[in-house]
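Participant:
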Amino acid sequence: MPFNTESKPVALKDTDLFKPLKVGNTTVLNRVVLPPLTRMRAHYPGNVPNRDWTLEYYDQRSKRPGTMLITEGVFPSAKAGGYDNAPGIWTEEQMVEWKKIFDKIHENESFVWPQLWVLGREADPLSLARDGLRYDSASDNVWRTKEAEEEAKKAGIEQHGITKDEIKQYIKDYVQGARNSIKCGADGIEIHAANGYLLNQFLDPVSNKRTDEYGGSIKNRACFTLEVVDALVDAIGEDKVGIRLAPYNTNGDMSGSWDPTVFAHYAYVLGKLEKRAQAGKRLAFVHIFEPRVSNPWDNEGDGAYNGGTTDYVYSIWKGVVIRTGNLAIHPEIAKEFLKQPNTLLGYGRYFISNPDLVDRLEKGLPLNLYDRPRFYAMPDKGYIDYPTYDEAIKMGWGEK
3 MPFNTESKPV ALKDTDLFKP LKVGNTTVLN RVVLPPLTRM RAHYPGNVPN RDWTLEYYDQ
63 RSKRPGTMLI TEGVFPSAKA GGYDNAPGIW TEEQMVEWKK IFDKIHENES FVWPQLWVLG
123 READPLSLAR DGLRYDSASD NVWRTKEAEE EAKKAGIEQH GITKDEIKQY IKDYVQGARN
183 SIKCGADGIE IHAANGYLLN QFLDPVSNKR TDEYGGSIKN RACFTLEVVD ALVDAIGEDK
243 VGIRLAPYNT NGDMSGSWDP TVFAHYAYVL GKLEKRAQAG KRLAFVHIFE PRVSNPWDNE
303 GDGAYNGGTT DYVYSIWKGV VIRTGNLAIH PEIAKEFLKQ PNTLLGYGRY FISNPDLVDR
363 LEKGLPLNLY DRPRFYAMPD KGYIDYPTYD EAIKMGWGEK
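Under the numbering used here, the letters of the sequence shown match residues 3 to 402, in that order.
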């Protein structure tokens with residue numbers, strides 16, 4: 003793929019992007035973050051990280067010492083999943099591969115935080131039915147789309163609002179996933195409470211129609227997420243736990259911006275996290291998915307919501323914030339974000355296509371275009387074959 007010529011690169015070396023910052027029990031040397039990026043290269047059956055390519059993928063993107071990497075979403079248990087080629091971290095076979103990957107990242111003097119991911123109603127019902135797993139969500143048969151309902155009917159599976167006992171079991175799964183991650187050498191973990199997956203399904207009233215203590219009020223809908231936070235803090239320590247939230251997200255048929263009252267529950271969650279922090283249990287970070295990308299499946303620039311901002315996060319949460327969303331080709335917005343304290347920036351799609359992205363942002367070098375159709379394709383093409391800037395020049399990419 004050639005360089006992106008639609009935006010002019012800007013060197014960010016003199017900004018806070020290249021100032022060290024303490025994040026949990028680590029100190030990053032730059033504030034560029036590889037955010038969690040689903041790549042669908044794991045081996046099936048077994049949900050094992052790809053033995054041939056995944057170590058190299060993370061090795062390439064951790065070469066700049068002191069860089070923070072959050073891995074693709076990782077299932078803490080079999081029932082948390084439902085995608086054949088996404089990795090897990092609940093079996094010894096999976097953990098063997100993750101340990102190799104984490105060791106390589108640390109060999110490069112960078113840091114790694116697996117993202118713990120539970121799909122809920124975003125899972126593939128055919129895969130769940132084949133494997134004898136439930137189709138879980140916050141409520142019975144509250145379908146995200148008519149198509150999803152038809153797929154489930156074809157699979158012969160009903161959407162199941164999990165019971166209180168099943169909620170407790172999921173919390174145990176999160177804890178085991180976190181402990182397994184630390185055992186493999188991770189610096190910490192990120193809780194995925196965004197983008198339409200199970201915790202988000204509990205947070206959002208569009209998918210949560212429960213009438214018990216996990217539904218109805220903002221306090222009740224936030225309960226599951228906060229119970230997961232507390233359990234992981236108790237299990238591995240607050241400095242090893244971060245969380246991802248997406249107030250404007252529409253993926254999975256979440257409310258997004260059309261219901262302005264939804265933002266109140268994110269303020270509530272952030273307030274509860276800050277109260278815990280003031281009591282001595284401050285999480286390593288809060289990771290915010292920006293309204294500039296309201297749905298991660300949209301093309302670059304599509305679906306941006308310009309009627310709101312996540313700046314309110316800083317009025318509530320006083321710890322480290324990661325902001326992610328269409329920043330690589332908008333350095334002017336990155337500069338504005340960096341004026342806020344304790345801020346790191348996540349660069350997703352362009353970190354896929356630019357393994358040396360940190361160096362390019364620092365020096366203002368042009369960026370490789372990405373090959374979107376290969377984001378979730380099984381071959382190694384579009385995964386580990388993107389060149390560094392120097393390699394691209396040798397290939398003649400800079401010639402007219």
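In this text, a Cβ means the ideal position worked out from N, Cα and C, and glycines have one as well.
With a threshold of 16 other CB atoms inside 10 Å of the CB of Met397, please say whether the residue is buried or exposed.
Facilitator: Here residue 397 is taken as the residue at index 395 of the sequence shown, counted from 1. So Met397 ends up on the exposed side.
Participant: Is there contact here, the stretch 382 to 389 with the stretch 43 to 57, by at least three beta-carbon pairs under 8 Å?
Facilitator: Touching, yes.
Participant: What is the DSSP secondary structure of Glu74, counted as helix, strand or coil?
Facilitator: Walking along the sequence shown from the start, residue 74 turns up at place 72. Reduced to three states, the DSSP call for Glu74 is strand.
Participant: Shortest alpha-carbon distance to Ala306 belongs to which of Leu329, Leu234, Glu149?
Facilitator: Counted from its first residue, the sequence shown places residue 306 at position 304. The option with the nearest alpha carbon to Ala306 is Leu329.
Participant: Please work out which residues of its chain come closer than 7 Å, Cβ to Cβ, to Ser9, disregarding the five sequence neighbours upstream and downstream, and give them in chain order.
Facilitator: By 1-based counting over the sequence shown, the position of residue 9 is 7. Around Ser9: Ile331.
Participant: Between which residues of its own chain and Ser257 is the CB-CB distance below 6 Å, once the five residues before and five after are set aside?
Facilitator: Indexing the sequence shown from 1 puts residue 257 at position 255. Hits under 6 Å: Asp206, Val208, Val264.
Participant: Kindly indicate the opening and closing residues of the beta strand (DSSP E) around Trp221.
Facilitator: Against the sequence shown, residue 221 aligns to sequence position 219. According to the sequence provided, residue 221 is Lys. The question's Trp does not apply to it. Counting along the chain, Lys221 falls outside any beta strand (DSSP E), though it belongs to the alpha helix (DSSP H) covering 220 to 223.
Participant: So His194 is in the beta strand (DSSP E); what residue range does that whole segment cover?
Facilitator: One-based indexing of the sequence shown puts residue 194 at position 192. It spans 191 to 194 - the beta strand (DSSP E) in which His194 sits, taken as one unbroken run.
Participant: Would you call the stretch 181 to 192 in contact with the stretch 150 to 160, where contact means no fewer than 3 C-beta pairs closer than 8 Å?
Facilitator: No, they do not touch.
Participant: Beta-carbon within less than 7 Å of Pro4's beta-carbon, same chain only, minus the 5 sequence neighbours each way: which residues are those?
Facilitator: Taking the first residue of the sequence shown as position 1, residue 4 is located at position 2. Hits under 7 Å: Leu371, Trp399.
Participant: Tell me where the beta strand (DSSP E) around Trp115 begins and ends.
Facilitator: Here residue 115 is taken as the residue at index 113 of the sequence shown, counted from 1. First-last of the beta strand (DSSP E) with Trp115: 113 to 118.
Participant: So, does the stretch 130 to 137 touch the stretch 103 to 120, judging by three or more C-beta pairs under 8 Å?
Facilitator: The stretch 130 to 137 vs the stretch 103 to 120: no contact.
Participant: When you compare the CB positions of Ile324 and Ile245, do they come within less than 8 Å of one another, or not?
Facilitator: Reading the sequence shown from its first residue, position 322 is the one you call residue 324. Reading the sequence shown from its first residue, position 243 is the one you call residue 245. Against a cut-off of 8 Å, the Cβ pair of Ile245 and Ile324 comes out as no contact.
Participant: In whole angstroms, what is the alpha-carbon distance linking Leu200 and Ile395?
Facilitator: Taking the sequence shown and counting its residues from 1, one reaches residue 200 at position 198. Taking the sequence shown and counting its residues from 1, one reaches residue 395 at position 393. The straight-line gap from Cα to Cα measures roughly 44 Å.
Participant: Assign Asn27 to buried or exposed, taking buried as 16 or more other Cβ atoms, counted over all protein chains shown, within 10 Å of its Cβ.
Facilitator: Counted from its first residue, the sequence shown places residue 27 at position 25. Exposed: under 16 other Cβ atoms inside 10 Å.
Participant: Buried or exposed: where does Asn52 fall if 16 or more other Cβ atoms within 10 Å of its Cβ makes it buried?
Facilitator: Start at 1 with the first residue of the sequence shown, and residue 52 comes out as number 50. Under this definition Asn52 is a buried residue.
Participant: Under 8 Å, do Val322 and Val25 count as touching if we go by C-beta distance?
Facilitator: Here residue 322 is taken as the residue at index 320 of the sequence shown, counted from 1. Here residue 25 is taken as the residue at index 23 of the sequence shown, counted from 1. Contact: yes.
Participant: Between the C-alpha atoms of Pro343 and Lys277, what's the straight-line distance to the nearest angstrom?
Facilitator: Here the question's residue 343 lines up with position 341 in the sequence shown. Here the question's residue 277 lines up with position 275 in the sequence shown. In a straight line, the C-alpha of Pro343 is about 19 Å away from that of Lys277.
Participant: Among Pro368, Pro389, Ser64, whose alpha-carbon lies nearest the alpha-carbon of Lys106?
Facilitator: Within the sequence shown, the letter at position 104 stands for residue 106. Answer by Cα proximity: Ser64.
Participant: Just the C-alpha distance for Gly348 and Thr165, rounded to the nearest angstrom, thanks.
Facilitator: Here residue 348 refers to the residue found at position 346 when the sequence shown is read from its first residue. Here residue 165 refers to the residue found at position 163 when the sequence shown is read from its first residue. So the alpha carbons of these two residues sit roughly 35 Å apart.
Participant: Excluding the 5 residues preceding and the 5 following Met97 in the sequence, name in chain order all residues of the same chain whose CB lies nearer than 8 Å to its CB.
Facilitator: Here residue 97 is taken as the residue at index 95 of the sequence shown, counted from 1. Here the set comprises Ile91, Asn182, Lys185, Cys186.
Participant: Could you give the residue range of the alpha helix (DSSP H) that holds Val315?
Facilitator: The sequence position of residue 315 within the sequence shown is 313, counting from 1. Per DSSP, Val315 belongs to the alpha helix (DSSP H) from 315 to 318.
Participant: Sorted by chain position, which residues of the same chain lie with C-beta nearer than 6 Å to Gly122's C-beta, five sequence neighbours on each side aside?
Facilitator: Against the sequence shown, residue 122 aligns to sequence position 120. The answer, listed in chain order, is Asp138, Ser139, Tyr199, Leu200, Gln203.
Participant: Excluding the 5 residues preceding and the 5 following Gly310 in the sequence, name in chain order all residues of the same chain whose CB lies nearer than 7 Å to its CB.
Facilitator: By one-based count along the sequence shown, residue 310 stands at place 308. Same-chain partners within the cutoff: Tyr250, Ser259, Pro293.
Participant: Could you check the C-alpha separation between Ser219 and Asp18 for me, to the nearest Å?
Facilitator: As a working mapping, residue 219 is identified with position 217 in the sequence shown. As a working mapping, residue 18 is identified with position 16 in the sequence shown. Straight-line Cα distance between these residues: approximately 39 Å.
Participant: For Lys106, report the span of its alpha helix (DSSP H) as first-last.
Facilitator: Stepping through the sequence shown from its first residue, residue 106 is reached at position 104. Note, Lys106: alpha helix (DSSP H), 94 to 109.
Participant: My guess is that Ala233 and Ile173 are in contact by the Cβ rule of under 8 Å, so how many angstroms apart are they, rounded?
Facilitator: Your numbering for residue 233 matches position 231 in the sequence shown. Your numbering for residue 173 matches position 171 in the sequence shown. Contact flag correct, Cβ pair sits at about 5 Å.
Participant: Let me make sure I understand the geometry here. Which of Lys341, Gly327, Tyr270, Asp189 has the alpha-carbon closest to that of Asn404?
Facilitator: No statement about residue 404 is possible, as the shown extent of the chain runs from 3 to 402 and does not include it.
Participant: Note down, in chain order, each residue of its chain lying with its Cβ closer than 7 Å to the Cβ of Lys101, except the 5 sequence neighbours on either side.
Facilitator: Position 99 of the sequence shown holds residue 101. Same-chain partners within the cutoff: Cys186, Gly187.
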